[in-house]
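Residue numbers (my numbering), protein chains in the order written: chain A, 220 to 596; chain B, 104 to 367.
Each remark here refers to the structure printed beneath this line.
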């Protein structure tokens, strides 16, 4: 490898990048735009679910139950209806997500010490909302019924402490409030970084093929490795800037604090930039023109959104699809990102992922260099 | 006897079932200007690209300065300057940046580089254009800049694929003056062209049709043998022989037919 020729290519690429203001602007603006767009849009936290209330009891007890729903912040039981038809029509129209029906005699039953029934209806068209609503609805009512029970027992002079029950103390680690942004933001940083960088290099060689400049380069003594590396190096800088932008806005704006070492995060982030630039470079050696390069990039990006575990949990996928996810570098980088940002773990826990990414990156660069054997046929 | 710069023996290139170049035999003496002529799609560019090492031949032998086109194409590249049909310099780089780029790609030592670039600028008449963006140059300038870039490493062989295809008559003549000057310095030139006046100034020409060489020799000799006025007539008579169809020799007649049709 001739160092002078490598530098020459690097310089030339830098000139291309700087003079193509539109592309440069895109490369810088894309991560900012995406992080805001996805950061707000990909949010699976469900709260303030609109509910209709059909209170046929009209007692303190029934109103207390409704206020329990209200204060939980999970529900907004604000629309009162008189009959079941009205409730149905509201759900059909989508004005409410569900309804709480309290039958008359609710208070009486409780006073008698018998169990009282209420009905809880949920629109199941969106399972994410339905699941959260069901769980929080059940929890709220159970808690409330326990309260009533205890009051009863106290009133009757019985001590509930004699009751032997299992007392479960739950503790959620790394994300105690179960905020979904904590999960999605690190994934988002990885996804954005991958998409922007793959696209940067996917076009680099094909563009020269289309312009005819490659034919002239082929007739010079330049080596494939020099050309491939020389074209990649300037983009490492752009990719690094993109990573810092995504990391800054992701953590600062969306309030996701980095638990682990920032230095380690940066080093591995730059490593991933090189890996995905290599993917783009590989695409560039396979594609015959820019349209093909675009298609191949999409063909690569779309599955990686689904299979990497960016939003959809890998554990929920069938085994075959899970294996597919193992072939996507982003899968490993997401483990690294979540490991460092959320869990604060160090390299001891992540070396496997780092190894996989390094091997993939180096392998792709070698394959790209060999594939691009300075011939046009 | 003159030494040979290029020797090919049954050089063939097939794309799937299509044979672009069919058993081509060439012997090009050093220091000569050799013209490859033939209709569009005859295989001229394919032949040239094989000799440059841009594509690999399917079979046959090819030697450039005693170097094998299969195994030593990288060494061949050090000795040739190649201008492809399409203008292929970086349009978003300035004239100087393009020249510098090729000087560095060819690893021209710093000491010589400056002088060499000045020489090329003078030769191509690009004085004062050094800082112009390449895309703003007109066709003739672009062509001379491209020529300058591929002469950067002082190649022994210059391979030009339709170098004057999109160039005005004056620029065409300036371009060929440069080519003559270069041959005086001992450089060998292999050129394809559709301009028969350019072809007539070659030392030797070969006619390609359907990938095969169907005639060759010094232009004057061929014209004499065929008993016609000029190379253009030779070209047309070759195509007629091959296709069995009559080609209208004079543009005047074509014009006459067109106006006749318009009148109907």
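Glycine is no exception: its CB is placed at the ideal position from the N, C-alpha and C atoms.
(message) Distance cutoff 8 Å, beta carbons only. Does residue 207 of chain B sit that close to anything in chain A?
(response) By one-based count along the second chain, residue 207 of chain B stands at place 104. Closer than 8 Å: yes.
(request) Using the Cα positions of residue 493 of chain A and residue 580 of chain A, report the straight-line distance between them to the nearest angstrom. (result) Indexing the first chain from 1 puts residue 493 of chain A at position 274. Indexing the first chain from 1 puts residue 580 of chain A at position 361. The alpha-carbon atoms of residue 493 of chain A and residue 580 of chain A are separated by roughly 7 Å.
(message) How far does the beta strand (DSSP E) with residue 488 of chain A in it extend, from its first residue to its last?
(response) The residue given as residue 488 of chain A occupies position 269 in the first chain. Not the beta strand (DSSP E): residue 488 of chain A falls in the alpha helix (DSSP H), residues 481-505.
(message) Distance cutoff 8 Å, beta carbons only. Does residue 195 of chain B sit that close to anything in chain A?
(response) Reading the second chain from its first residue, position 92 is the one you call residue 195 of chain B. Output row for residue 195 of chain B: interface = yes.
(request) Mind checking the region 331-353 of chain B against chain A and listing, in chain order, the residues whose C-beta falls within less than 7 Å of any C-beta there? (result) none
(request) Going by CA-CA distance only, name the one from A:491, A:565 and A:429 that's closest to residue 480 of chain A. (result) For the purposes of this step, residue 480 of chain A is taken as residue 261 along the first chain, with counting starting at 1. Nearest option by C-alpha distance: A:565.
(request) Go ahead and label residue 574 of chain A buried or exposed: buried means 16 or more other beta carbons lie within 10 angstroms of its beta carbon, across all protein chains shown. (result) Residue numbering aside, residue 574 of chain A sits at position 355 when the first chain is read from its first letter. Flag for residue 574 of chain A reads exposed.
(request) Taking only the alpha-carbon atoms, compute the straight-line gap between residue 304 of chain B and residue 281 of chain B and give it to the nearest angstrom. (result) For the purposes of this step, residue 304 of chain B is identified with residue 201 of the second chain, where counting begins at 1. For the purposes of this step, residue 281 of chain B is identified with residue 178 of the second chain, where counting begins at 1. Looking at the two C-alpha atoms, the distance is approximately 13 Å.
(message) Please confirm whether residue 266 of chain A has its beta-carbon closer than 8 Å to some beta-carbon of chain B.
(response) As a working note, residue 266 of chain A is residue 47 in the first chain. No, because no Cβ of chain B sits closer than 8 Å to the Cβ of residue 266 of chain A.
(request) Mark residue 595 of chain A as exposed unless 16 or more other C-beta atoms lie within 10 angstroms of its C-beta, in which case mark it buried. (result) Counting from 1 along the first chain, the entry for residue 595 of chain A is found at position 376. Exposed is the call here.
(message) Can you look up residue 296 of chain B in the DSSP assignment and give me helix, strand or coil?
(response) Position 193 of the second chain, counted from the first residue, corresponds to residue 296 of chain B. Coil.
(request) Let me know if residue 373 of chain A comes out buried or exposed under the rule of 16 or more other beta-carbons within 10 Å of its beta-carbon. (result) Residue numbering aside, residue 373 of chain A sits at position 154 when the first chain is read from its first letter. Label assigned to residue 373 of chain A: exposed.
(message) With H, G and I counted as helix, E and B as strand and the rest as coil, what does DSSP make of residue 238 of chain A?
(response) By one-based count along the first chain, residue 238 of chain A stands at place 19. Looking at residue 238 of chain A - three-state DSSP - the assignment turns out to be helix.
(message) Counting beta carbon pairs with one atom in the region 144-153 of chain B and one in the region 329-349 of chain B, are three or more of them shorter than 8 Å?
(response) no
(message) Strictly below 9 Å CB to CB, what residues from chain A border residue 159 of chain B?
(response) Locating residue 159 of chain B in the second chain gives position 56, counting from the first residue. The answer, in chain order, is 594 and 596.
(message) For residue 320 of chain A, which residues in the same chain have their Cβ closer than 6 Å to its Cβ, ignoring the five residues on either side in sequence?
(response) As a working note, residue 320 of chain A is residue 101 in the first chain. For residue 320 of chain A, where only same-chain residues beyond five positions count, the Cβ hits under 6 Å are 273 and 338.
(request) Whole angstroms is fine: what's the gap from residue 301 of chain B's alpha carbon to residue 441 of chain A's? (result) What you label residue 301 of chain B is simply residue 198 of the second chain in a count that begins at 1. What you label residue 441 of chain A is simply residue 222 of the first chain in a count that begins at 1. Going from the Cα of residue 301 of chain B to the Cα of residue 441 of chain A covers about 33 Å.
(message) Our contact map puts residue 461 of chain A next to residue 415 of chain A with C-beta atoms below 8 Å; I'd like the distance itself, whole angstroms only.
(response) Translated into the one-based positions of the first chain, residue 461 of chain A becomes position 242. Translated into the one-based positions of the first chain, residue 415 of chain A becomes position 196. Correct: roughly 5 Å between the Cβ atoms.
(request) With distances taken Cα to Cα, identify the nearest neighbour of residue 117 of chain B among B:349, B:315, B:354 and B:348. (result) Here residue 117 of chain B refers to the residue found at position 14 when the second chain is read from its first residue. With distances taken between Cα atoms, residue 117 of chain B lies closest to B:315.
(request) Classify residue 500 of chain A as buried or exposed, calling it buried when 16 or more other Cβ atoms lie within 10 Å of its own Cβ. (result) Residue mapping note: residue 500 of chain A aligns to position 281 of the first chain, counting from 1. When all chains shown are included, residue 500 of chain A counts as buried.
(request) Spatial neighbours of residue 329 of chain A within its chain, please: CB distance less than 7 Å, with the 5 preceding and 5 following residues excluded, ordered by chain position. (result) Taking the first chain and counting its residues from 1, the one referred to as residue 329 of chain A is at position 110. Excluding sequence neighbours, residue 329 of chain A sits near 280, 335 and 367.
(request) Return the chain-ordered ranges of every alpha helix (DSSP H) run that is complete within the region 108-191 of chain B and spans a minimum of 4 residues. (result) 147-155 and 176-182
(request) Ignore the nearest five residues each way along the sequence and tell me which others in residue 122 of chain B's own chain have a CB closer than 6 Å to its CB. (result) For the purposes of this step, residue 122 of chain B is taken as the residue at position 19 of the second chain. Same-chain partners within the cutoff: 314.
(message) I'd like to know if residue 136 of chain B contacts chain A, where contact means its C-beta is closer than 8 Å to some C-beta of that chain.
(response) Working through the second chain from its first residue, we reach residue 136 of chain B at position 33. Chain A contact via Cβ: absent.
(request) Please name the residue, chosen from B:345, B:308 and B:166, that lies closest to residue 137 of chain B on a Cα-to-Cα basis. (result) Numbered from its first residue, the second chain carries residue 137 of chain B at position 34. Looking at the Cα atoms, B:308 is the closest of the given residues.
(message) Contact defined as beta carbons within less than 8 Å: I believe residue 134 of chain B pairs with residue 286 of chain B. What is the distance between those atoms, to the nearest angstrom?
(response) The sequence position of residue 134 of chain B within the second chain is 31, counting from 1. The sequence position of residue 286 of chain B within the second chain is 183, counting from 1. With 8 Å as the limit, residue 134 of chain B and residue 286 of chain B qualify as a contact, their Cβ atoms being about 6 Å apart.
(request) Give the straight-line distance between the Cα atoms of residue 294 of chain A and residue 363 of chain A, rounded to the nearest whole angstrom. (result) The sequence position of residue 294 of chain A within the first chain is 75, counting from 1. The sequence position of residue 363 of chain A within the first chain is 144, counting from 1. Looking at the two C-alpha atoms, the distance is approximately 15 Å.
(message) Closer than 9 Å between beta carbons: that is the criterion. Which residues of the region 223-239 of chain A meet it against chain B?
(response) 223, 224, 226, 227, 228, 230, 231, 234, 235, 238 and 239
(request) Within the same chain, show all residues whose beta-carbon is closer than 8 Å to that of residue 178 of chain B, passing over the 5 residues directly before and after it, in chain order. (result) Within the second chain, numbered from 1, the residue matching residue 178 of chain B stands at position 75. So the qualifying residues of the chain are 170.
(message) Quick test of the definition: if touching needs 3 or more C-beta pairs under 8 Å, does the region 482-493 of chain A touch the region 549-560 of chain A?
(response) yes
(request) Please go through the same chain and pick out, in chain order, the residues whose beta-carbon is closer than 6 Å to the beta-carbon of residue 349 of chain A, but skip the five residues on each side of it. (result) As a working mapping, residue 349 of chain A is identified with position 130 in the first chain. Contacts found: 341 and 343.
(request) Would you check if the distance between the CB atom of residue 233 of chain B and the CB atom of residue 198 of chain B is smaller than 8 Å? (result) Counted from its first residue, the second chain places residue 233 of chain B at position 130. Counted from its first residue, the second chain places residue 198 of chain B at position 95. Against a cut-off of 8 Å, the Cβ pair of residue 198 of chain B and residue 233 of chain B comes out as a contact.
(message) What does the Cβ neighbour count give for residue 413 of chain A, buried or exposed, with the cut at 16 atoms within 10 Å?
(response) Residue 413 of chain A sits at position 194 when you count from the first residue of the first chain. Classification for residue 413 of chain A: buried.
(message) So, does the region 221-230 of chain A touch the region 443-462 of chain A, judging by three or more C-beta pairs under 8 Å?
(response) yes
(request) Would you check if the region 285-293 of chain A and the region 302-311 of chain A touch, i.e. whether three or more CB-CB distances between them fall below 8 Å? (result) no
(message) With three or more beta-carbon pairs closer than 8 Å as the criterion, would you say the region 395-405 of chain A touches the region 465-477 of chain A?
(response) yes
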